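Asks: In the numbering used here, the protein residues as written are 32 to 372.
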Ligand code: F6P
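1. Please determine whether the Cβ atom of residue 195 lies at a distance below 7 Å from any heavy atom of the ligand ATP.
2. Considering only their Cβ atoms, is the gap separating residue 311 from residue 52 smaller than 8 Å?
3. Roughly how many angstroms lie between the CA atoms of residue 347 and residue 154, to the nearest whole one?
4. Say whether the stretch 249-269 touches the stretch 198-206, bearing in mind that this needs 3 or more beta-carbon pairs closer than 8 Å, one atom from each stretch.
5. Kindly identify the DSSP beta-bridge partner or partners of residue 246.
6. Residues bridged to residue 32 by DSSP?
7. Alpha carbon to alpha carbon, what distance is there between residue 269 and residue 375?
8. Should residue 241 be labelled buried (16 or more other beta-carbon atoms within 10 Å of its own) or exposed?
9. Give the straight-line distance between the Cα atoms of residue 235 and residue 299, rounded to the nearest whole angstrom.
10. Answer yes or no: the CB of residue 41 versus the heavy atoms of the ligand F6P, is any distance below 7 Å?
11. For residue 135, name the three-state secondary structure that DSSP assigns.
12. Enumerate in chain order the residues of its own chain whose CB-to-CB distance from residue 223 is below 8 Å, with the five nearest sequence positions on each side excluded.
13. Taking only the alpha-carbon atoms, compute the straight-line gap between residue 142 and residue 134 and give it to the nearest angstrom.
14. Work out the CA separation of residue 315 and residue 276 for me, nearest whole Å.
15. Check whether the stretch 89-98 touches the stretch 54-70, counting contact only when three or more Cβ pairs, one atom from each stretch, lie closer than 8 Å.
16. When DSSP labels each residue in this structure, what does residue 344 get in the three-state scheme?
17. Does the count of Cβ pairs from the stretch 189-196 and the stretch 326-334 closer than 8 Å reach three?
18. Report the start-end ranges of each beta strand (DSSP E) in the stretch 149-218 that is 3 residues or longer and not cut off at the edges.
19. Sorry if obvious, but does the Cβ on residue 277 come closer than 7 Å to a heavy atom of the ligand F6P?
20. Under 8 Å, do residue 74 and residue 50 count as touching if we go by C-beta distance?
21. Could you have a look at residue 233 and say whether DSSP puts it in helix, strand or coil?
22. Taking residue 65 as the reference, give the member of 55, 79, 56 with the closest Cα.
23. Is any heavy atom in the ligand F6P found nearer than 7 Å to the beta carbon of residue 156?
24. Please state whether DSSP places residue 377 in a helix, a strand or coil.
25. In three-state terms, what does DSSP make of residue 308?
26. Counting only the same chain and skipping the five closest in sequence on each side, list residues whose C-beta sits under 7 Å from that of residue 165.
27. Cutting at 7 Å between CB atoms, please list the residues of its own chain near residue 221, excluding the five before and the five after it.
28. Any contact of the stretch 287-297 with the stretch 167-176, i.e. 3+ C-beta pairs under 8 Å?
29. Can you tell me where the alpha helix (DSSP H) with residue 351 in it begins and where it stops?
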């Protein structure tokens with residue numbers, strides 16, 4: 032059997048660990064692996080890279096992806112599907128493993144209609160993919176956020192400031208909520224609950240009345256004072272999958288607060304620093320298990336599925352069921368937002 036693999040969308044730590052697992056576990060099962068470069072651009076333009084044991088040696092602990100990534104969408108080109116199918120035929124690919132988020136795996140699912148046999152591995156720091164407990168990269172990003180909050184605390188406390196940390200997550204607040212809990216943020220803002228600058232102001236004032244002379248606010252990039260269509264965008268131009276680049280809500284809140292605060296309000300946008308670096312142990316293990324499971328599914332002929340973590344088990348879920356729906360922070364976890372308020 033010959034398996035192709037590609038990595039698409041925003042990178043996250045753990046992708047290389049998954050590639051290593053696919054190749055090493057595949058070799059034990061007599062499976063040849065071929066890599067396609069730069070997401071779906073690889074199959075579109077037949078950009079191929081051999082994936083031998085030597086090619087994946089020494090990459091377990093390295094962030095990003097050795098295959099490169101892009102947000103290419105073959106469905107945006109009139110002959111995109113034909114080109115992808117031709118590449119599969121030229122390279123004698125029996126099954127394609129697509130490592131990515133909703134968009135990357137969404138293409139894999141749509142291609143099933145055209146006879147492409149694909150398996151998805153969920154990868155995004157946002158943790159917003161349905162039907163899996165966690166996606167690859169989430170815990171590594173949390174580590175970066177926690178460490179950033181630890182560092183911000185010292186400056187906030189020393190200089191008596193309000194420091195705002197803006198984190199990613201697109202339309203969900205997994206990173207902000209879990210990062211905020213782990214790093215002890217005083218105010219946690221997530222897209223699932225609209226924020227109100229007055230109430231942020233009151234929370235900071237309450238802390239001041241308790242002789243706390245600093246506050247740390249963590250805000251998800253997609254948070255808004257009302258409605259997802261009110262998100263603050265960095266760039267109005269949309270990518271190949273119709274997404275605008277979010278960013279700037281931290282500064283928006285800082286501007287509003289600064290008018291009323293006596294102490295300085297400053298913003299840090301963690302941006303790509305939370306997506307880079309070495310994968311956390313949890314992501315290395317999850318990647319290794321997802322990679323091995325994808326090979327098992329291919330051998331069993333289970334296609335158009337996604338590897339999913341359910342408790343301690345890795346299971347196959349239909350790709351079509353996992354995609355397209357927003358996976359917000361569940362209501363059962365929302366008490367964490369204002370646990371210590
Ligand atoms: O989907 C992952 C993600 O990191 C989001 O959290 C963020 O909104 C987006 O990607 C940023 O994308 P880009 O790499 O195109 O700036």
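All C-beta atoms in this analysis are idealised placements derived from N, C-alpha and C, irrespective of residue type, glycine included. Because the structure is a prediction, the values reported are computed rather than measured.
Replies: So, to answer that:
1. The model on display carries the ligand F6P but not the ligand ATP.
2. Contact check for residue 52 against residue 311 fails: the beta carbons are separated by 8 Å or more.
3. Rounded to whole angstroms, residue 347 to residue 154 spans 15 Å at the Cα level.
4. The stretch 249-269 vs the stretch 198-206: in contact.
5. Beta-bridge pairing links residue 246 to 193.
6. Answer is none; residue 32 lacks a bridge partner.
7. Residue numbering for the chain in the displayed model covers 32 to 372; residue 375 lies beyond these limits and cannot be assessed.
8. That one is exposed.
9. Their backbone Cα atoms lie some 18 Å apart in a straight line.
10. Checking every heavy atom of the ligand F6P against the Cβ of residue 41, one is found closer than 7 Å.
11. It is helical.
12. Within its own chain, the residues whose Cβ lies closer than 8 Å to the Cβ of residue 223, once the five positions on either side in sequence are excluded, are 203, 204, 359, 360, 365, listed in chain order.
13. Residue 142 and residue 134: Cα-Cα distance of roughly 13 Å.
14. In this model, residue 276 and residue 315 are separated by some 28 Å (Cα to Cα).
15. Yes, since at least three Cβ pairs between the stretch 89-98 and the stretch 54-70 fall closer than 8 Å, the two stretches touch.
16. DSSP, reduced to helix, strand and coil, places residue 344 within a strand of the structure shown.
17. The stretch 189-196, when compared against the stretch 326-334, does not touch it at the 8 Å Cβ threshold.
18. Counting whole runs of 3 or more residues, the stretch 149-218 contains the beta strand (DSSP E) stretches 149-153, 193-198.
19. Short note on residue 277: C-beta closer than 7 Å to some heavy atom of the ligand F6P.
20. No. Outside cutoff.
21. DSSP places residue 233 within a helical segment (H, G or I) once states are collapsed to three.
22. Here the closest residue by C-alpha is 79.
23. True, at least one ligand heavy atom lies under 7 Å from that Cβ.
24. The requested residue 377 does not occur in the structure, where the chain is confined to residues 32 to 372.
25. Here DSSP, grouped into helix, strand and coil, assigns residue 308 to coil.
26. Closer than 7 Å at Cβ, skipping near neighbours: 158, 317, 340.
27. Only 204, 207, 208, 251, 254, 360, 368 meet the Cβ criterion.
28. Short answer: they don't touch.
29. Looking at the DSSP string, the run of the alpha helix (DSSP H) that includes residue 351 is 350-353.
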